[in-house]
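In full-length UniProt numbering, the protein residues as written are 1 to 374. All residues carry an ideal CB built from backbone N, CA and C; glycine is no exception. Being a predicted model, the structure only gives us computed values, none of them experimental.
As structure tokens, this is what we get:
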């Protein structure tokens with residue numbers, strides 16, 4: 001029996017994609033020299049408001065998997081489908097960014113074997129482009145899904161499942177705290193590969209996936225909870241953002257060399273305070289998505305479209321943003337950084353979507369290879 005479509009999910013995907021674009025636009029434009037501390041503080045605080053993006057994608061993955069695969073799991077077919085729809089597009093874009101970055105930087109040609117080694121390394125680390133680390137982090141959730149199903153199950157009482165999710169939250173907070181304090185490291189050179197890429201280790205993002213799993217099991221109850229607690233969530237989020245604002249302002253007033261680089265670390269998602277902030281954001285954005293999903297207006301239709309093509313648009317947007325940001329800085333410098341941010345954000349989001357829609361409509365298998373099945 002086919003399950004009912006979760007109307008909020010495509011809206012959530014669209015909102016998460018737009019938040020990713022905003023993050024990367026801010027990162028690209030607020031590095032410009034000569035920006036005042038006040039301007040930098042506003043930009044970095046806005047960055048904090050968009051930090052929910054990656055956790056939201058992980059959360060959505062958990063919701064969808066636990067909602068759709070709560071019965072017998074044919075793991076071979078499950079993996080084949082994910083390989084075709086997730087891994088193949090990732091590898092295709094890894095190859096694209098490898099060629100594109102090499103072309104831009106004028107890197108001299110290597111032997112075929114050395115090139116294949118580079119591509120393999122980039123595929124395993126997500127280093128082909130700054131945004132592809134997400135793929136290295138999300139793929140293990142698919143590979144280990146049968147194990148996650150042992151932790152959360154419809155066959156258990158909600159009290160047990162809630163206790164499991166709570167325990168995972170506590171463990172995740174401890175791990176993230178240890179990571180943020182530099183306590184997770186190794187001097188063993190043989191383990192360098194693992195400890196060099198801790199930011200993309202799925203273990204540090206596991207709570208968002210398990211929260212999504214809990215929601216996938218108790219979807220209607222979750223919606224009721226979100227409606228009843230939105231005022232508390234909103235109040236706590238406001239307090240979090242006030243703290244972020246003043247902390248960022250303090251840093252920007254005291255740092256003269258690359259202040260954005262230092263102040264943006266305040267909103268780095270892998271620390272306990274930002275985890276709490278992001279959880280409040282997820283609650284409120286889910287409520288917003290529910291309201292939007294009930295609408296048939298143009299805004300809702302546009303967000304559904306962004307959500308439908310969000311995976312391919314995510315993979316493509318770094319390429320689009322490079323072209324857009326360079327053009328905006330070169331030709332629209334007179335507008336100021338706020339206007340540049342708005343223009344870059346709109347152009348990057350729309351052009352990424354347009355590119356993805358165009359690729360998906362190609363009659364050959366190239367479209368599905370680059371953007372997955374939509």
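Residue range of the alpha helix (DSSP H) that includes residue i
| i | result |
| --- | --- |
| residue 362 | Here residue 362 belongs to no alpha helix (DSSP H), and DSSP marks it neither H nor E. |
| residue 291 | 272-293 |
| residue 133 | 133-143 |
| residue 243 | 219-254 |
| residue 37 | 37-49 |
| residue 168 | 158-180 |
Whole-angstrom distance between residue j and residue i, CA atom to CA atom
| i | j | result |
| --- | --- | --- |
| residue 26 | residue 199 | 20 Å |
| residue 352 | residue 75 | 33 Å |
| residue 53 | residue 99 | 28 Å |
| residue 235 | residue 243 | 13 Å |
| residue 222 | residue 286 | 10 Å |
| residue 394 | residue 275 | Residue 394 lies beyond the range of the chain shown here (1 to 374); nothing can be said about it. |
| residue 298 | residue 118 | 44 Å |
| residue 168 | residue 41 | 34 Å |
| residue 181 | residue 271 | 9 Å |
| residue 14 | residue 312 | 12 Å |
| residue 267 | residue 214 | 26 Å |
| residue 137 | residue 68 | 21 Å |
| residue 189 | residue 87 | 29 Å |
| residue 126 | residue 211 | 25 Å |
| residue 225 | residue 72 | 29 Å |
Option nearest residue i by Cα separation, candidates the options
| i | options | result |
| --- | --- | --- |
| residue 201 | 146, 365, 141, 147 | 141 |
| residue 120 | 129, 69, 91, 226 | 91 |
| residue 322 | 14, 15, 8, 21 | 21 |
| residue 124 | 161, 81, 194 | 194 |
| residue 60 | 300, 282, 336 | 282 |
| residue 246 | 37, 7, 6 | 37 |
| residue 145 | 306, 254, 184, 70 | 70 |
| residue 288 | 368, 308, 230 | 230 |
| residue 65 | 101, 3, 114 | 3 |
| residue 367 | 24, 89, 23, 5 | 89 |
| residue 149 | 135, 165, 134 | 165 |
Residue i vs residue j beta-carbon contact at 8 Å
| i | j | result |
| --- | --- | --- |
| residue 152 | residue 206 | no |
| residue 359 | residue 371 | yes |
| residue 340 | residue 18 | no |
| residue 77 | residue 310 | no |
| residue 248 | residue 44 | yes |
| residue 252 | residue 263 | yes |
| residue 58 | residue 9 | no |
| residue 47 | residue 241 | no |
| residue 328 | residue 355 | no |
| residue 337 | residue 32 | yes |
| residue 175 | residue 209 | no |
| residue 278 | residue 51 | yes |
| residue 130 | residue 318 | yes |
| residue 324 | residue 303 | no |
| residue 122 | residue 94 | yes |
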